[in-house]
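Each remark here refers to the structure printed beneath this line.
Numbering (UniProt numbering), first residue to last: 1 to 173.
Encoded structure:
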């Protein structure tokens with residue numbers, strides 16, 4: 001009953017009628033084990049995701065801008081090579097439904113190099129690298145006032161963003 005009532009086609013119609021033209025759909029790692037994922041996960045997430053793409057009015061819409069295959073991957077023992085295979089398969093799957101949609105790839109949480117996926121994005125049609133920074137997981141931000149956080153972004157993050165937005169590299173979001 002959960003999947004029949006949680007998010008339904010009428011929700012997408014409502015969103016569209018309100019002028020919203022994009023949604024972010026998180027996909028849990030357990031979708032790979034669907035329809036019988038490990039406890040406490042609930043089966044049916046793959047079917048629910050398939051439904052989103054089967055609602056043709058929205059799947060064919062130019063509003064389908066991008067699909068992020070996985071957010072902030074952190075899997076001990078999972079190699080960069082396994083991620084490359086996953087992103088390639090995901091890129092192929094998304095392109096079956098939309099030749100215009102971008103495929104967003106997220107770096108590993110444990111990576112020190114925000115450009116680690118750049119060479120792996122080469123050759124993937126419409127690939128985008130998701131690079132985002134947090135100002136809360138490091139002690140350097142403890143006790144900072146709001147203006148100090150803003151100053152940190154202008155001073156430190158701008159150099160980091162310049163590093164990941166070098167010409168000729170994949171798109172960054």
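We put the beta carbon where it would ideally sit given N, CA and C, even for glycine.
- Message: Can you give me the C-alpha to C-alpha distance between residue 101 and residue 12, rounded to a whole angstrom?
- Response: The count along the chain shown starts at 1 and reaches residue 101 at position 101. The count along the chain shown starts at 1 and reaches residue 12 at position 12. If you take the alpha carbons of residue 101 and residue 12, they lie about 18 Å apart.
- Message: So the candidates are 23, 38, 71, 47; which of them puts its Cα closest to the Cα of residue 2?
- Response: Counting from 1 along the chain shown, the entry for residue 2 is found at position 2. Closest by alpha carbon: 47.
- Query: Contact between the stretch 72–90 and the stretch 105–123: three or more CB pairs below 8 Å?
  - Reply: They touch, by the three-pair rule.
- Between the C-alpha atoms of residue 132 and residue 39, what's the straight-line distance to the nearest angstrom? Walking along the chain shown from the start, residue 132 turns up at place 132. Walking along the chain shown from the start, residue 39 turns up at place 39. Going by the C-alpha atoms only, they are around 31 Å apart.
- Alpha carbon to alpha carbon, what distance is there between residue 24 and residue 153? Numbered from its first residue, the chain shown carries residue 153 at position 153. Numbered from its first residue, the chain shown carries residue 24 at position 24. Straight across, the Cα-Cα distance linking residue 153 with residue 24 is about 25 Å.
- Task: Say whether the stretch 90–108 touches the stretch 138–154, bearing in mind that this needs 3 or more beta-carbon pairs closer than 8 Å, one atom from each stretch.
- Result: Too few Cβ pairs lie closer than 8 Å, so no.
- Just checking my contact of residue 45 with residue 31 at CB under 8 Å: how many whole Å lie between their CB atoms? Stepping through the chain shown from its first residue, residue 45 is reached at position 45. Stepping through the chain shown from its first residue, residue 31 is reached at position 31. So it is a contact: roughly 5 Å between Cβ atoms.
- Let me know if residue 93 comes out buried or exposed under the rule of 16 or more other beta-carbons within 10 Å of its beta-carbon. Position 93 of the chain shown, counting from 1, holds the residue named residue 93. Residue 93 should be labelled exposed.
- If you run the structure through DSSP and keep just helix, strand and coil, what is residue 108? Within the chain shown, numbered from 1, the residue matching residue 108 stands at position 108. Residue state, collapsed to three classes: strand.
- Task: Use the C-beta contact count for residue 68: other C-beta atoms within 10 angstroms, 16 or more gives buried, fewer gives exposed.
- Result: If you number the chain shown from 1, residue 68 lands on position 68. Classification for residue 68: buried.
- How far does the beta strand (DSSP E) with residue 15 in it reach, from first residue to last? Numbered from 1 along the chain shown, position 15 holds the residue referred to as residue 15. For residue 15, there is no enclosing beta strand (DSSP E); the residue is found in the alpha helix (DSSP H) stretching over 9–17.
- Beta-carbon separation of residue 110 and residue 74 under 9 Å? Working through the chain shown from its first residue, we reach residue 110 at position 110. Working through the chain shown from its first residue, we reach residue 74 at position 74. Taking 9 Å as the Cβ cut-off, residue 110 and residue 74 qualify as a contacting pair.
- residue 45 bridges to which residues according to DSSP? Residue mapping note: residue 45 aligns to position 45 of the chain shown, counting from 1. Per DSSP, none; premise fails for residue 45.
- Message: Using DSSP's beta-bridge definition, name the partner residues of residue 23.
- Response: Stepping through the chain shown from its first residue, residue 23 is reached at position 23. Looking at the DSSP assignment, residue 23 forms no beta bridge with any residue, so it has no partner.
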